[in-house]
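Novice: Sharing a structure below in structure tokens format, with a few things to ask.
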Amino acid sequence: MNTRTRIAPLLVVCNLTLLIIFGTGVYFFQNNYSYVDFYKRLETRATIAGRYNLRLDTLNAESFRIIREKHLERLDQEKEYVIDASGSRSVGQLAESYQVPSQLIRSILDEGKATAKQGSTLYAGVKFNVDGKRYVIIVSANNYYTNHHLSFLRNILGLGIFFTLLVTIYISLYFSKHVFDPIRQITDKVKQISTENIYLRLDEKEYKNEIGELTSTFNDLLNRIETTIDIQKNFISNASHELATPLTSIIGEAEVTLRKGRNPAEYQAALQNILTQAGRLNEITRSLLFLA
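Residue -12 is where the sequence shown starts when you use the numbering used here, and the numbers rise one by one after that.
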């Protein structure tokens, strides 16, 4: 698998991971906030119910009743509990009698207010001290709206992640193609360059970015290679000429000497000439070996 085919899945996986983390974070914080908000609503209703049922302020109690009936939406399975905790009954007996968590009553008596959750039912309660008596006012309800809203949020996040994933896949494929197509084109052009057409160059004007810098660098490399090849060709041509001169002299001298009989002095002169040219050839060969 080449880089081009790897980068698209990599981008998709990275974006999908970020989307899942973002969606999970949004759902988590919304879930926590919804419960905090719901408990606050129950506590407010418990306070209103306590002031109304215990008649702490007749005028305000009546106002609370009107506000509750006209403006407060009744919650799913909403119930009110007015518990007289000043008697001789224990917390456990009170909890069993009213069918509420005993720990909730104990926490309300100790701390003044508390919340609890039992199954799908949420509780919030406050303590009132009236005429030397202790009262525990509890309001309970099912968190239907929060669950409904969270379910809707899950669907929205799921659809959002799905469609965003589709867009991410498209963008990733386009991005990988847009980025790597110039590299592929450069690779195809480079494959066409050989020693026979070393003069060919890549088009530098087509790219004005890092690809252009790469193209310019490669063209500089081709220039140096072409210069080296030219030097090599000139060297081979000059070396061939230098080698051909003594060889031609040796062959010519030998042919002339062998055409007819010679006296010893002539043969000696011919051999001396051949030896001189051979020595010259030897020097040229040594020089070539030294350069190599």
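Backbone N, C-alpha and C define an ideal beta-carbon position, used for all residues, glycine too.
It should be emphasised that the depicted structure is a prediction, and the values quoted were computed from it without experimental measurement.
When you compare only the Cα positions, how much space is there between I238 and N210?
Specialist: 41 Å
Novice: Evaluate I114 with the Cβ neighbour count: other Cβ atoms within 10 Å of its Cβ, from every protein chain shown; 16 or more gives buried, anything less gives exposed.
Specialist: For the sequence presented, residue 114 should be read as Lys rather than Ile. K114 comes out buried.
Novice: Could you give the distance in angstroms between the alpha-carbon of G266 and the alpha-carbon of T235?
Specialist: 14 Å
Novice: Since A128 and L109 should fall inside the 8 Å C-beta cutoff, what is the C-beta to C-beta distance between them, to a whole number of angstroms?
Specialist: 6 Å
Novice: To the nearest angstrom, how far is the alpha carbon of L230 from that of I261?
Specialist: If I take the Cα positions, the gap works out to 14 Å.
Novice: Can the beta-carbon of L189 be found less than 8 Å from the beta-carbon of T174?
Specialist: Result no, Cβ atoms of L189 and T174 do not sit closer than 8 Å.
Novice: If you compare alpha carbons, which of T155, I212, L41 is closest to V117?
Specialist: For V117, the closest C-alpha among the options T155, I212, L41 is that of L41.
Novice: What does a CB cutoff of less than 6 Å around T102 pick up in its chain, not counting 5 residues either side in sequence?
Specialist: Excluding residues within five positions, the ones whose Cβ falls inside 6 Å are Y26, A111.
Novice: In its own chain, which residues sit with a C-beta less than 7 Å from the C-beta of P(-4), not counting the 5 before and 5 after it?
Specialist: none
Novice: State the Cα-Cα distance for the pair L62 and F9, rounded to the nearest angstrom.
Specialist: 31 Å
Novice: Restricting to runs no shorter than 4 residues, where is the alpha helix (DSSP H) found entirely within the segment 125 to 207?
Specialist: Every unbroken stretch of the alpha helix (DSSP H) spanning 4 or more residues and falling wholly within the segment 125 to 207 is given here in chain order: 131 to 178.
Novice: For A111, report the span of its beta strand (DSSP E) as first-last.
Specialist: 108 to 117
Novice: For the candidate residues L268, E240, L146, whose alpha-carbon lies nearest to that of Q255?
Specialist: E240
Novice: What distance in whole Å lies between the Cβ atoms of R76 and R96, which are believed to be in contact at a cut-off of 8 Å?
Specialist: Here residue 96 turns out to be Leu, not Arg, going by the sequence shown. At roughly 13 Å, the Cβ-Cβ gap does not stay under 8 Å, so L96 and R76 are not in contact.
Novice: Hey, could you find the ends of the alpha helix (DSSP H) Q105 is sitting in?
Specialist: First-last for Q105: 100 to 105, but that is the beta strand (DSSP E), not the alpha helix (DSSP H).
Novice: V87 and I125 look like a contact to me (Cβ under 8 Å); what is the Cβ gap, rounded to whole Å?
Specialist: 6 Å
Novice: When you compare each of I198, I148, I170, F167 to C1 by their alpha carbons, which one comes out closest?
Specialist: I148
Novice: With contact counted as at least three CB pairs below 8 Å, one residue from each stretch, are the segment 15 to 24 and the segment 132 to 139 in contact?
Specialist: At 8 Å Cβ cutoff, the stretches touch.
Novice: Over what stretch of residues does the alpha helix (DSSP H) that includes E83 continue unbroken?
Specialist: 78 to 85
Novice: Within 10 Å of its beta-carbon, does L276 have 16 or more other beta-carbons around it, so buried, or fewer, so exposed?
Specialist: exposed
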